[in-house]
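So the structure is just underneath, and the comments pick up after that.
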Amino acid sequence: MSRRFPDGFLWGCATAAHQVEGGNHRCDWWEFERRGGIRTGDSADPACDHYRRFREDFALLRRLNNNAHRLSVEWSRIEPEPGEFDAGQIAHYREVLSELRAQGMAPMVTLHHFTSPIWFVRRGGWTAPGAVEAWLPFVRRVARDLGDLVAFWCTINEPNVYAYQGWLTGEFPPGRRGDLVGALRVLANLRRAHEAAYRELHRLTPDIPVGLAHHEWVLEPAPPGRRRDRLAAAIGRGFMGRWPVDGRLRPVLEAPADYLGLNHYTGSLVTFDLRRPGEGFGRRSNPPGVPVSDFGWAVRPEWLRSSLLALRRSGKPIYVTENGIAAADDRMRVRFLREVLEQLWRAIQEGADVRGYFHWTSLDNFEWQHGYSMRFGLVAVDLRTQERTVKPSGWLYAAVAGANALPD
Ligand code: IFM
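Structure below.
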């Protein structure tokens, strides 16, 4: 066990309310599911029934030596109608967070992870001018009523994916396609929402670090790296890595934050292609000879290391807020974990100030438009019986987390 991680390193899993809880009926995703938005026809109810089984699920994660956990609190449960807060749901999340604390896991709480209340989307959702003001009462309420139990705030999950899938590809609600203006408006509002939440959270809970989870899809020009391919890769990176601020595009990772949260899964090679304006005039392909996950995403663990190294100059602590692989065959996840955790360790040796890693994810869960067809979990869930079974990858993760080191 010579390859140790820094003392106090956080080992956890990341989840999102709608993907695991079940019975989440007041949000836009629930409506989207009813309208046939899910390719497999699946529904997020009961998902993993985690809303009722959170105690056992946390006990399992504790057995797997997790000392932290990233989860989201569901806005549409806490504020089902504008300005009406549900004391019962707040009490529920107090129990959830208290249970995590009691079981020795530091909670990282995400405030927006893809789902919004139906009342909010009826008013125009994140494209509407008053969106930020409509979100802030929820942020304040959560800070006031749950803040004493929280270790980290994560304001917004993957603004770029949210805007891209909801307004350009139509795979997320509201299901719009090719609406670049809408996507940019969403990004601008999310930026303002993050900044406003950052200020409010600092005011109400000054000791809790605040950040956001940025999704980094690595884009590299296809070899030999012609100028136009480099340009197309740069445009694609611009869309995925920047958001509009006062008429200019600024890096997401330069937003006010006490730590940088990195969600990373994959990347693509980019070839210039005029027929693909929606993808920044680039055709994306997987690097030849590189294995792909069940999603068809290239699995290249070095990309985690290069993404982390690129963040060194920010001088801020970094948390890998998500990283994982869709693989029904767990042997693939075992191989991936060995390699990716080694890349994580190397990035730290090379100066990246990484303080924690949250694997996506603990339980096989509801993978948005793909229903239950994508298995990201360290723990298998039998959807008929809700029985949980730790996979070999789960035990591997437990060994690394327990030793705080890579096995020799
Ligand atoms: O399941 C999602 C998660 O909600 C956000 N990040 C990527 C994961 C895998 O697609």
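Numbering-wise, the sequence shown is residues 33 to 440 according to this note's numbering.
Note that beta-carbon positions come from the ideal geometry of N, C-alpha and C, so glycine has one too.
These figures come from a predicted structure and were not determined experimentally.
Tell me where the beta strand (DSSP E) around G434 begins and ends.
Counting from 1 along the sequence shown, the entry for residue 434 is found at position 402. Per DSSP, G434 belongs to no beta strand (DSSP E); it is in the alpha helix (DSSP H), 424-435.
What residues match up with M140 in a beta bridge as DSSP calls it?
By one-based count along the sequence shown, residue 140 stands at place 108. For M140, which the question treats as bridged, DSSP gives the partners R102, F184.
Could you tell me if the beta carbon of R356 falls within a distance shorter than 8 angstroms of some heavy atom in ligand 1?
For the purposes of this step, residue 356 is taken as the residue at position 324 of the sequence shown. The residue you asked about is not Arg; residue 356 is Gly in the sequence shown. Answer for G356: yes, Cβ within range of ligand 1.
For the alpha helix (DSSP H) that V213 lies in, which residues bound it at each end?
Within the sequence shown, residue 213 is the residue found at index 181, counting from 1. Unbroken alpha helix (DSSP H) run through V213: 212-236.
I need the straight-line Cα distance from E15 to G383, nearest angstrom please.
The chain is shown only over 33 to 440; residue 15 falls outside these bounds and no answer can be derived.
From R259 to E252, what does the alpha carbon distance come to, in whole angstroms?
Your numbering for residue 259 matches position 227 in the sequence shown. Your numbering for residue 252 matches position 220 in the sequence shown. Approximately 12 angstroms between the Cα atoms of the pair.
What do you reckon, is the C-beta of T187 under 8 angstroms from a heavy atom of ligand 1?
In the sequence shown, counting from the first residue as 1, residue 187 sits at position 155. No.
Out of curiosity, what's the CA-to-CA distance linking P38 and A289?
As a position in the sequence shown, residue 38 is number 6, starting the count at 1. As a position in the sequence shown, residue 289 is number 257, starting the count at 1. For P38 and A289, the distance between alpha carbons rounds to 22 angstroms.
May I ask you to list the residues that DSSP assigns as paired with Y351?
On the sequence shown, residue 351 is found 319 positions in, with the first residue counted as 1. Y351 is bridged to G293, G388.
Need the endpoints of the alpha helix (DSSP H) that A49 sits in, please.
Position 17 of the sequence shown, counted from the start, is the residue given in the question as residue 49. Start and end: 49-52.
Can you give me the Cβ contacts of L219 inside the same chain, cut-off strictly under 7 angstroms, excluding the 5 residues immediately before and after it?
Sequence index remark: in the sequence shown, residue 219 carries index 187 (1-based). So the list reads P191, A195, W275, P276, once near-sequence residues are dropped.
Residues in the same chain with beta-carbon distance under 7 angstroms from N97, minus the five sequence neighbours each way, listed in chain order, please.
The count along the sequence shown starts at 1 and reaches residue 97 at position 65. For N97, where only same-chain residues beyond five positions count, the Cβ hits under 7 angstroms are W43, A430, A433, G434.
Please name the residue or residues paired with L301 in a DSSP beta bridge.
Here the question's residue 301 lines up with position 269 in the sequence shown. Paired residue(s): E252, S317.
With a 10 Å radius around its C-beta and 16 neighbouring C-beta atoms as the bar for buried, classify D60 as buried or exposed.
Against the sequence shown, residue 60 aligns to sequence position 28. Buried: at least 16 other Cβ atoms inside 10 Å.
To the nearest whole angstrom, what separates the beta carbons of F368 and A76, a pair I think is in contact under 8 angstroms?
Position 336 of the sequence shown holds residue 368. Position 44 of the sequence shown holds residue 76. Their Cβ separation, rounded to whole angstroms, is 26 angstroms, which puts F368 and A76 out of contact at 8 angstroms.
Run through the DSSP bridge pairs and tell me what V443 is partnered with.
Since the first residue shown for the chain is 33 and the last is 440, residue 443 is missing from the structure and cannot be characterised.
Let's see if you can read the secondary structure: which residues bound the beta strand (DSSP E) around A46?
As a first step, residue 46 is located in the sequence shown; it is residue number 14 there, counting from the start. Where A46 is concerned, the enclosing beta strand (DSSP E) stretches over 42-46.
Comparing alpha-carbon positions, which option in L306, D326, S325, A330 lies nearest S317?
One-based indexing of the sequence shown puts residue 317 at position 285. Looking at the Cα atoms, A330 is the closest of the given residues.
Within 10 Å of its beta-carbon, does L103 have 16 or more other beta-carbons around it, so buried, or fewer, so exposed?
Sequence index remark: in the sequence shown, residue 103 carries index 71 (1-based). L103 is buried by the Cβ-count criterion.
Is the region 99-116 close to the region 138-148, with three or more CB pairs under 8 angstroms?
The region 99-116, when compared against the region 138-148, does touch it at the 8 angstroms Cβ threshold.
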